[in-house]
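Participant: Residues are numbered in my numbering as their position in the sequence shown, beginning at 1, plus a constant of 27.
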Amino acid sequence: MPPSHIGHALSRLAVERADAPVCISDGSVRTGAQLVERILGLASGLRVNLGLQCGDRVAIAAFNSDQYLEWLIAVPCAGGIIAPLNYRWSIQEAYEAILQIKPVLLVVDHYCSDFGVKIQHRLPSLQLIALGCSIHGAPQANSILHRTENFRLHWAPDNIALICFTSGTTGKPKGAAISHNAIVFQSMAKITMVNYSQSDVYLHASPLCHIGGISSAHALLLVGGSHVFLSKFNALNTIEMIKKHQVTAIIAVPTMLKDLTTVLCSRYNDMQLYSVRTILNGAGSLSLDVLQKTAKYFPAAKILSAYGMTEACSSMSFITLHDPNLCKDGQHLSEFKPIMREHHSSQLGGFCVGKAAPHLEIIVSANQDKACPRGCVNEEGDVLVRGPNMMEKYWGDVENAFDDYGWFSTGDVGWMDHMGQLWLLGRRKDVIKSGGENVHCYEIEEILSRHPAIAAAAVAGIPDVRLGEIVGAMVLIRDDWEWDEHPKQDDSRLAAGSRRCSSHISSCNDMLDQKIVSQESLQQFCIHQGLSRFKIPKVWCQKIGAFTTTSTGKVRKDLVRKELIDYMNSQSVLQPIEEFTVSKL
Numbered sequence: 028m029p030p031s032h033i034g035h036a037l038s039r040l041a042v043e044r045a046d047a048p049v050c051i052s053d054g055s056v057r058t059g060a061q062l063v064e065r066i067l068g069l070a071s072g073l074r075v076n077l078g079l080q081c082g083d084r085v086a087i088a089a090f091n092s093d094q095y096l097e098w099l100i101a102v103p104c105a106g107g108i109i110a111p112l113n114y115r116w117s118i119q120e121a122y123e124a125i126l127q128i129k130p131v132l133l134v135v136d137h138y139c140s141d142f143g144v145k146i147q148h149r150l151p152s153l154q155l156i157a158l159g160c161s162i163h164g165a166p167q168a169n170s171i172l173h174r175t176e177n178f179r180l181h182w183a184p185d186n187i188a189l190i191c192f193t194s195g196t197t198g199k200p201k202g203a204a205i206s207h208n209a210i211v212f213q214s215m216a217k218i219t220m221v222n223y224s225q226s227d228v229y230l231h232a233s234p235l236c237h238i239g240g241i242s243s244a245h246a247l248l249l250v251g252g253s254h255v256f257l258s259k260f261n262a263l264n265t266i267e268m269i270k271k272h273q274v275t276a277i278i279a280v281p282t283m284l285k286d287l288t289t290v291l292c293s294r295y296n297d298m299q300l301y302s303v304r305t306i307l308n309g310a311g312s313l314s315l316d317v318l319q320k321t322a323k324y325f326p327a328a329k330i331l332s333a334y335g336m337t338e339a340c341s342s343m344s345f346i347t348l349h350d351p352n353l354c355k356d357g358q359h360l361s362e363f364k365p366i367m368r369e370h371h372s373s374q375l376g377g378f379c380v381g382k383a384a385p386h387l388e389i390i391v392s393a394n395q396d397k398a399c400p401r402g403c404v405n406e407e408g409d410v411l412v413r414g415p416n417m418m419e420k421y422w423g424d425v426e427n428a429f430d431d432y433g434w435f436s437t438g439d440v441g442w443m444d445h446m447g448q449l450w451l452l453g454r455r456k457d458v459i460k461s462g463g464e465n466v467h468c469y470e471i472e473e474i475l476s477r478h479p480a481i482a483a484a485a486v487a488g489i490p491d492v493r494l495g496e497i498v499g500a501m502v503l504i505r506d507d508w509e510w511d512e513h514p515k516q517d518d519s520r521l522a523a524g525s526r527r528c529s530s531h532i533s534s535c536n537d538m539l540d541q542k543i544v545s546q547e548s549l550q551q552f553c554i555h556q557g558l559s560r561f562k563i564p565k566v567w568c569q570k571i572g573a574f575t576t577t578s579t580g581k582v583r584k585d586l587v588r589k590e591l592i593d594y595m596n597s598q599s600v601l602q603p604i605e606e607f608t609v610s611k612l
């Protein structure tokens, strides 16, 4: 019996959705039969016209489109391995990724044509393919198609279908080699947990170069849903596409949902979009404020959040944040069980990311040398995963990424409750070691995000002679608030809130009324939220402009730390610290 293949979904699509519109992109509409014909024609053309061999890599750099989807499916059908490149990368970053995977073809669209030409100039042997555009000396993608009646599916060695690059928050992106089997299992998990169906109209607002966008595309392909393509996310365009095509399902990151709800409020007079039935959030937890607004403007939508990573072919666990079908009349979202735990008997804290996806195991190991067979409950440790949707390896890496028991370390720290729900505390590399104590950056960031003045916050460790590291916080203040930069307060004043004098508390309340926020008021806020004294940031800096993020929306902590160090040195908050070793976040 042959192994799984993503192309197995095409037969059903060609029959059950033969005359139904399944692809809508830039005014172009294709039925199920037309889409399958083009995918198989492209797969045949890659082998017949371009000589693609099983295992050959094909890189693609483009914005979302129906043709992008065709290449994502056709290359593995021909036995090749598709490797999406992030269009936001610099030329050097793309060049280094290409050196890793050594593709035989580089496919680029109009938006990335200059990108492709410059790469080919460095690597003249690399064949350039023009996707829906004209590039001198490059064949048009449509010219490759080769009509065939009975195309036979092919497999690459080790059953690999995809190389997807990690986001590289602290280092260079790695290429995760993902098999047909992993993609199929991930698709089935999404279908089961998110409840995608043939009746869904799915909007590709998330980039198809990211594993979240890729895995969702495969899930919708498997159930025979319809695909609507947005070349690049823009809140206004997204709203118009949802209205025009009656979109029922989207995936998004918190920033996208914040932008959508803001525009619906300011530009559409609080218009609600009733067609959307499912919203899957990824790449970070939703604040209660964004969750409430999302539920308001998408009143028929079930809102879920997924915890995942590229190495797991996307989602590893799921949690339902809001289900309109379970709401009682008049019930407000804030009355729901909170997704962040402020007070827990174990005092472990963190935020809940739900239970493991079907066929995937997640455990927490407090022993770094060997995973417990059942993992640890109510105990902090490393989050480990294993299952059929895990990658095969990092491309070109001779070291095994899995331990002897098949477990993969996510790099996250968390704990498991007795119900089997996973609670995340943060990244192992995002832990500050201060005076012998471990401080999880996410815990502080989550508390700061509750303050009405804070639009965004990032916490990082700063080298210190006595403590090893101290906690630093960079805060982005909302437009209608004012930052009052007081001199650094005596740390002895940061005692428990009950020991603060009433006059000082009254002063902090006055600042809230006047919409003024300061270092001291934020320190007091942290105390009142139950944050331990040693975790409260000692260095505070106002962020001017948005935080620099990776392509998946994760804050670049290396840059945050550098800005905090520069601020400290310029303000003489502490002695200059370049001479001290900086630990990698």
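Just so it is clear, CB atoms sit at the ideal spot from N, CA and C, and this is done for glycine as well.
My assumption, with CB atoms under 8 angstroms, is that Asn416 sits in contact with Ala168. Please give the rounded CB distance.
Facilitator: About 30 angstroms separates the two Cβ atoms, so there is no contact after all.
Participant: For Ile118, does the count of other Cβ atoms within 10 angstroms reach 16, so buried, or fall short, so exposed?
Facilitator: Exposed is the call here.
Participant: Is Asp424 helix, strand or coil when you go by DSSP?
Facilitator: Residue state, collapsed to three classes: coil.
Participant: Going by DSSP, which residues form a beta bridge with Gln569?
Facilitator: Beta-bridge pairing links Gln569 to Val502.
Participant: Which residues bound the alpha helix (DSSP H) around Asn208?
Facilitator: 207–221 is the extent of the alpha helix (DSSP H) around Asn208.
Participant: Is it the case that the segment 205–220 contacts the segment 255–265, given that we only count it when at least three CB pairs across the two stretches are under 8 angstroms?
Facilitator: The segment 255–265, when compared against the segment 205–220, does not touch it at the 8 angstroms Cβ threshold.
Participant: Can you tell me the Cβ-Cβ gap for Met203 and Thr337, rounded? I've got them flagged as a contact below 8 angstroms.
Facilitator: Correcting the residue identity first, residue 203 is Ala in this sequence and not Met. Their Cβ separation, rounded to whole angstroms, is 5 angstroms, which keeps Ala203 and Thr337 in contact under 8 angstroms.
Participant: Once DSSP output is grouped into helix, strand and coil, what is the label at Gln541?
Facilitator: Three-state result, Gln541: coil.
Participant: Spell out a yes or no on whether the segment 239–254 and the segment 122–141 are touching, meaning 3 or more CB-CB pairs, one atom from each, closer than 8 angstroms.
Facilitator: As far as the Cβ criterion goes, the segment 239–254 does not touch the segment 122–141, which means the pair count is below three.
Participant: Taking the alpha carbon of Met268 as the point to measure from, which residue in Gly499, Lys589, Gly54 has its own alpha carbon closest?
Facilitator: Among Gly499, Lys589, Gly54, the Cα nearest to that of Met268 belongs to Gly54.
Participant: Under a Cβ-count criterion, where at least 16 other Cβ atoms within 10 Å of its own Cβ denotes burial, should Ser373 be classed as buried or exposed?
Facilitator: Only weak support is given to the placement of Ser373: the predicted model assigns it a pLDDT of 45, under 50, and the value that follows is read from those uncertain coordinates. Under this definition Ser373 is an exposed residue.
Participant: The alpha helix (DSSP H) spanning Pro103 covers which residue range?
Facilitator: 93–104 is the extent of the alpha helix (DSSP H) around Pro103.
Participant: Three-state secondary structure (DSSP) at Val255?
Facilitator: Note: Val255 maps to strand in three-state DSSP.
Participant: If you follow the alpha helix (DSSP H) that Pro281 is in, where does it begin and where does it stop?
Facilitator: Its alpha helix (DSSP H) spans residues 281–293.
Participant: Only counting the same chain, and skipping five residues up and downstream in sequence, which positions put a Cβ closer than 6 angstroms to that of Pro83?
Facilitator: The sequence shown places Asp at residue 83, not Pro. The residues are Gly107, Val131.
Participant: Go ahead and pull the three-state DSSP assignment for Ser332.
Facilitator: In this structure, Ser332 counts as strand in the three-state DSSP scheme.
Participant: In chain order, what residues of the same chain have a beta carbon less than 8 angstroms from the beta carbon of Trp182, not counting five sequence neighbours either side?
Facilitator: Result list for Trp182: Pro29, Pro30, His32, Cys81, Gly106, His207, in chain order.
Participant: Hey, Ile128 and Cys191 are a contact pair by Cβ (cut 8 angstroms); roughly how many whole angstroms apart?
Facilitator: Rounded, the Cβ-Cβ distance is 11 angstroms, inconsistent with contact.
Participant: Classify Thr608 as helix, strand or coil using the three-state DSSP reduction.
Facilitator: Note that Thr608 has pLDDT 28, beneath the 50 cutoff, so the model's placement of it is unreliable and the number below is only indicative. DSSP places Thr608 in coil when its eight states are reduced to three.
Participant: The beta strand (DSSP E) spanning Met343 covers which residue range?
Facilitator: Unbroken beta strand (DSSP E) run through Met343: 341–349.
Participant: Below 6 angstroms CB to CB, which residues in the same chain sit around Gly72 once its five sequence neighbours on both sides are set aside?
Facilitator: Excluding positions up to five away in sequence, the list reads Ile171, Leu172, His173.
Participant: Are the CB atoms of Ile287 and Thr265 nearer to each other than 8 angstroms?
Facilitator: At residue 287 the sequence reads Leu, which differs from the Ile that was named. Yes, the pair counts as a contact, with Cβ atoms nearer than the cut-off.
Participant: Is Ala45 helix, strand or coil when you go by DSSP?
Facilitator: Ala45: coil per DSSP, three-state reduction.
Participant: Ignoring anything shorter than 4 residues, give me the alpha helix (DSSP H) runs that lie fully in the segment 453–495, in order along the chain.
Facilitator: If we require 4 residues or more, the alpha helix (DSSP H) runs fully inside the segment 453–495 come out as 468–475.
Participant: Got a sec, what are the start and stop residues for the alpha helix (DSSP H) Ala591 sits in?
Facilitator: Note that residue 591 corresponds to Leu in the displayed sequence, not to Ala. First-last of the alpha helix (DSSP H) with Leu591: 584–598.
Participant: Between which two residues does the alpha helix (DSSP H) carrying Leu263 extend?
Facilitator: From DSSP, the alpha helix (DSSP H) with Leu263 extends over 262–272.
Participant: Between the Cα of Asp136 and the Cα atoms of Leu150, Gln154, Gly159, Gln147, which residue gives the shortest distance?
Facilitator: Answer by Cα proximity: Gly159.
Participant: Give the secondary structure of Cys160 by DSSP, where H, G and I count as helix, E and B as strand, and everything else as coil.
Facilitator: Three-state result, Cys160: coil.
Participant: What does a CB cutoff of less than 6 angstroms around Arg455 pick up in its chain, not counting 5 residues either side in sequence?
Facilitator: Taken in chain order, the residues that qualify are Gly438, Val440.
Participant: Tell me the residue span of the alpha helix (DSSP H) that contains Val63.
Facilitator: Element bounds for Val63: 59–75.
Participant: Three-state secondary structure (DSSP) at Phe429?
Facilitator: Of the three classes helix, strand and coil, the one that applies to Phe429 here is strand, per DSSP.
Participant: Which residue wins for smallest C-alpha separation from Ala310, given the options Lys382, Met220, Ser344?
Facilitator: Among Lys382, Met220, Ser344, the Cα nearest to that of Ala310 belongs to Ser344.
Participant: Compute the Euclidean distance between the alpha carbons of Arg560 and Ile554, then round it to the nearest angstrom.
Facilitator: Using only the alpha carbons, I get a separation of about 7 angstroms.
Participant: For Ser233, which residues from the same chain have a beta carbon less than 6 angstroms from its beta carbon, with the 5 sequence-adjacent residues on both sides left out?
Facilitator: Here the set comprises Gly239, Gly240, Ile278.
Participant: Could you check where the beta strand (DSSP E) with Ala20 kicks off and where it finishes?
Facilitator: Here the chain has residues from 28 to 612 only, and residue 20 is not among them.
Participant: Looking at Leu331: is its Cβ nearer than 8 angstroms to the Cβ of Leu307?
Facilitator: Yes, the Cβ-Cβ distance between Leu331 and Leu307 is below 8 angstroms.
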